Ligand code: S3P
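Residue numbers (the numbering used here): -4 to 170.
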């Protein structure tokens, strides 16, 4: 079975940019779950939160994430899949991730995450206090499903991607 590298982590940890870079580097396909959700719904995530609410977004996210992981498992070549920061709050996603060997957590400190996420269109980054609380409440969830952890720190995208690539060497296929 072709390997699937799954990137998880909080908003602003660089999952999309690092995922794209890793896919390029490894010659694997790349999918970003948030992007697929927006394409399928024909609207932005912030619009979905505003009109249908977070619960409706999570339902769509569950379907898309599980679908992307099924596709990746059936693919002939390797895949990199970046998940939205809240995908780990979905029971079915966590259950699925528990059977995946290459779940990589990109860890970033709260200040860096907020500096990157603030001022954008992310609905859950609008309020600093709520963002902080969410960060604290998520930490344990990320750790519970991660097989590999990478500290993003001050590193740039290429450095993080290189570190992930190095860490997954030799782990492909091991559950
Ligand atoms: C969310 C993170 C976002 C996006 C949505 C909800 C979250 O993805 O899925 O705004 O609950 O943490 P990124 O982590 O890619 O910003």
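For each residue, glycine too, the CB sits at the ideal point set by N, CA and C. Keep in mind that this is a model prediction, so the values were computed, not measured.
Sheet register partners of residue 0 (DSSP bridge): Your numbering for residue 0 matches position 5 in the chain shown. DSSP, once it has assigned bridges, lists 75 as partnering residue 0.
Cβ shell of residue 136 (< 8 Å), same chain only, five flanking positions each side left out: Walking along the chain shown from the start, residue 136 turns up at place 141. Excluding residues within five positions, the ones whose Cβ falls inside 8 Å are 83, 84, 89.
Strand pairing of residue 83, partner residues [DSSP]: Here residue 83 is taken as the residue at index 88 of the chain shown, counted from 1. Per DSSP, none; premise fails for residue 83.
Distance between residue 50 and residue 23 (C-alpha atoms, nearest Å): The count along the chain shown starts at 1 and reaches residue 23 at position 28. The count along the chain shown starts at 1 and reaches residue 50 at position 55. Cα to Cα, the separation comes out at about 32 Å.
Assigned secondary structure, residue 147 (DSSP; H/G/I helix, E/B strand, else coil): What you label residue 147 is simply residue 152 of the chain shown in a count that begins at 1. Reduced to three states, the DSSP call for residue 147 is coil.
Environment of residue 29 [buried if 16+ CB atoms lie within 10 Å]: Within the chain shown, the letter at position 34 stands for residue 29. Residue 29 comes out buried.
Whole-Å CB distance - residue 75 paired with residue 0, under 8 Å assumed: What you label residue 75 is simply residue 80 of the chain shown in a count that begins at 1. What you label residue 0 is simply residue 5 of the chain shown in a count that begins at 1. Residue 75 to residue 0, Cβ: 5 Å. Contact.
Residue 97 versus 164, 25, 19, residue with shortest Cα-Cα distance: Residue mapping note: residue 97 aligns to position 102 of the chain shown, counting from 1. The residue with the shortest Cα to Cα distance from residue 97 is 164.
Burial state of residue 34, where buried means 16 or more other Cβ atoms lie within 10 Å: Along the chain shown, read from residue 1 onward, the residue named residue 34 stands at position 39. Classification for residue 34: exposed.
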